[in-house]
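Visitor: There's a structure below that I have some questions on.
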Amino acid sequence: MPRVRIVLLTIVAMFAFAGNSLLCRVALKGTSIDPATFTTVRIVSAALALWIILRMRGESQRVGGNWLSAFALFAYAAAFSFAYVSLAAGTGALLLFGAVQATMIGYALARGERLRLRQWIGLACALAGLVGLVLPGVSAPPPFASLLMLGAGIAWGVYSLRGKRAADPTATTAGNFIRAAPFAAAISASLIAHASVDRTGLLFAAISGALTSGVGYVIWYAALKHIPSATAATVQLSVPLIAAAGGIALLGEPLTARLALSALAILGGIALVVARR
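In the numbering used here, the protein residues as written are 4 to 280.
Here it is as structure tokens:
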């Protein structure tokens with residue numbers, strides 16, 4: 004694949020991932036849709052979009068995936084939506100991707116991988132940034148919402164680790180989204196008394212599922228085949244910054260000193276861990 008195409012696919016994928024944060028936040032802030040309904044519509048829309056993509060590829064075989072990965076995917080999507088009821092777009096994305104990277108780095112350590120001094124310093128900086136972001140204070144994000152987003156990041160890290168060896172990422176992701184739909188429907192049914200929808204909220208949820216999730220993952224997997232792992236981990240650090248910039252420009256969210264310093268510590272620390280030199 005030409006280098007220019009790889010770069011373009013990567014840029015589109017990063018904006019798609021940041022778009023998930025922005026769409027979820029604007030839907031839950033600016034419309035009447037509830038987080039459970041948003042989660043269900045997002046998962047079902049992604050499953051449908053990926054199923055259509057498989058059919059367009061002329062593939063009639065059974066979709067892949069498994070129930071454990073599907074539950075991790077559902078846990079990520081549900082915690083993500085409920086957390087964004089109270090979190091700003093940039094803060095949520097920073098917590099999410101910080102937890103994702105921490106989970107994957109922790110797994111590598113548990114598997115016996117060794118870190119150099121530079122990487123230990125980076126890990127300490129990233130953890131300090133996460134702690135500093137959620138410590139009580141005037142500009143601290145709500146603690147329960149922060150815990151939910153950290154849980155979403157852990158779930159996404161687990162899902163990513165489990166799907167790392169997928170032979171056909173598109174078919175596997177489609178199968179996992181399809182299997183995640185019953186979990187989402189169950190949480191919507193259990194919270195039916197609090198259900199609230201409107202057309203705009205449903206539209207945002209459908210776009211988040213079909214485009215920034217479903218198609219976004221397909222684009223990312225297409226680029227991922229041609230990108231070294233360290234580079235892939237590094238470029239994902241751009242997502243919180245894109246989400247924060249979008250939240251400030253489009254949603255009028257404030258840029259606090261706490262957020263800026265935490266972003267510097269978390270993203271810089273993770274970059275030290277994943278960078279080769």
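Built from N, CA and C at the ideal position, the CB exists for glycine as well.
Note that the structure is predicted; figures quoted are calculated from it, not measured.
Roughly how many angstroms lie between the CA atoms of A213 and A49, to the nearest whole one?
Guide: The alpha-carbon atoms of A213 and A49 are separated by roughly 4 Å.
Visitor: Are the CB atoms of A92 and R182 nearer to each other than 7 Å?
Guide: It is not a contact, given that the beta carbons lie outside the stated cut-off.
Visitor: Counting C-beta neighbours from all protein chains within 10 Å, is the total for W70 16 or more, i.e. buried, or is it exposed?
Guide: Exposed, by the Cβ-count rule.
Visitor: Can you give me the Cβ contacts of F207 inside the same chain, cut-off strictly under 6 Å, excluding the 5 residues immediately before and after it?
Guide: Result list for F207: L26 and A30, in chain order.
Visitor: Comparing alpha-carbon positions, which option in S35, T215 and S72 lies nearest T175?
Guide: Per the Cα distances, S72.
Visitor: For I108, which three-state DSSP category applies?
Guide: DSSP places I108 in helix when its eight states are reduced to three.
Visitor: When you compare the segment 75-90 with the segment 142-150, are there three or more beta-carbon pairs, one atom per stretch, that lie closer than 8 Å?
Guide: Contact between the segment 75-90 and the segment 142-150 is present, because at least three Cβ pairs lie under 8 Å.
Visitor: Round the Cβ separation of A225 and L53 to the nearest angstrom and send it over; I've been treating them as touching at under 8 Å.
Guide: A225 to L53, Cβ: 13 Å. No contact.
Visitor: What did DSSP end up calling I210 once you bin it into helix, strand or coil?
Guide: Looking at I210 - three-state DSSP - the assignment turns out to be helix.
Visitor: Can you give me the start and stop residues for the alpha helix (DSSP H) that G154 sits inside?
Guide: Taken as a continuous stretch (DSSP letters only), the alpha helix (DSSP H) holding G154 covers P146 to R165.
Visitor: Can you find the residues in the same chain that come closer than 6 Å, C-beta to C-beta, to G250, ignoring five residues on each side of it along the sequence?
Guide: Once the five neighbours on either side are set aside, the close Cβ partners of G250 are A91, A92, G93 and E256.
Visitor: Short check: CB of G156 to CB of L99, under 7 Å?
Guide: Yes, the Cβ-Cβ distance between G156 and L99 is below 7 Å.
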